[in-house]
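S.K.: Just passing along the structure, written as structure tokens.
Numbering (my numbering), first residue to last: 103 to 199.
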């Protein structure tokens, strides 16, 4: 046998390990503003209209945001993955989507 069954009850009780906090990218206020607007919009063209920005500017901000997540090992290549990251990091609340 592998051990005395009577001794198993003597093992100290421990709580399950808490997951380590995820590293958060250092997003600028403007990047957060663009990200939140895009997550709440149906299209990038809607973001352009709402924020008075050119499509290239929106794309640049989103590329930089994705790059910052990628640098931390937290891929965010799709809008769905950016939604997940923003929720995980407290940048947006589910009720705002």
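For glycine and all other residues, C-beta sits at the position ideal for the given N, C-alpha and C.
Please read these numbers as outputs of a predicted model, since none were measured by experiment.
Please look up how many angstroms separate the CB atoms of residue 156 and residue 168, rounded, as I've assumed it's under 8 Å.
M.R.: Here residue 156 refers to the residue found at position 54 of the chain shown. Here residue 168 refers to the residue found at position 66 of the chain shown. Contact between residue 156 and residue 168 fails: their C-beta atoms lie close to 19 Å from each other, not under 8 Å.
S.K.: Taking the continuous alpha helix (DSSP H) assigned at residue 131, which residues delimit it?
M.R.: Within the chain shown, numbered from 1, the residue matching residue 131 stands at position 29. Element bounds for residue 131: 131-141.
S.K.: Report buried or exposed for residue 188, applying the criterion of at least 16 other Cβ atoms within 10 angstroms of its Cβ.
M.R.: Numbered from its first residue, the chain shown carries residue 188 at position 86. Answer is buried; the Cβ neighbour count reaches 16.
S.K.: Measuring straight from C-alpha to C-alpha, what distance separates residue 191 and residue 135?
M.R.: Sequence index remark: in the chain shown, residue 191 carries index 89 (1-based). Sequence index remark: in the chain shown, residue 135 carries index 33 (1-based). If I take the Cα positions, the gap works out to 14 Å.
S.K.: Check whether the Cβ atoms of residue 170 and residue 127 sit closer than 8 Å, and answer yes or no.
M.R.: Taking the first residue of the chain shown as position 1, residue 170 is located at position 68. Taking the first residue of the chain shown as position 1, residue 127 is located at position 25. Yes, the Cβ-Cβ distance between residue 170 and residue 127 is below 8 Å.
S.K.: Do residue 124 and residue 184 have their C-beta atoms closer together than 8 Å?
M.R.: As a first step, residue 124 is located in the chain shown; it is residue number 22 there, counting from the start. As a first step, residue 184 is located in the chain shown; it is residue number 82 there, counting from the start. Taking 8 Å as the Cβ cut-off, residue 124 and residue 184 do not qualify as a contacting pair.
S.K.: Looking only at C-alpha atoms, which of 195, 161, 174 sits nearest to residue 133?
M.R.: On the chain shown, position 31 is the one that residue 133 refers to. Taking only the C-alpha atoms, the option nearest residue 133 is 161.
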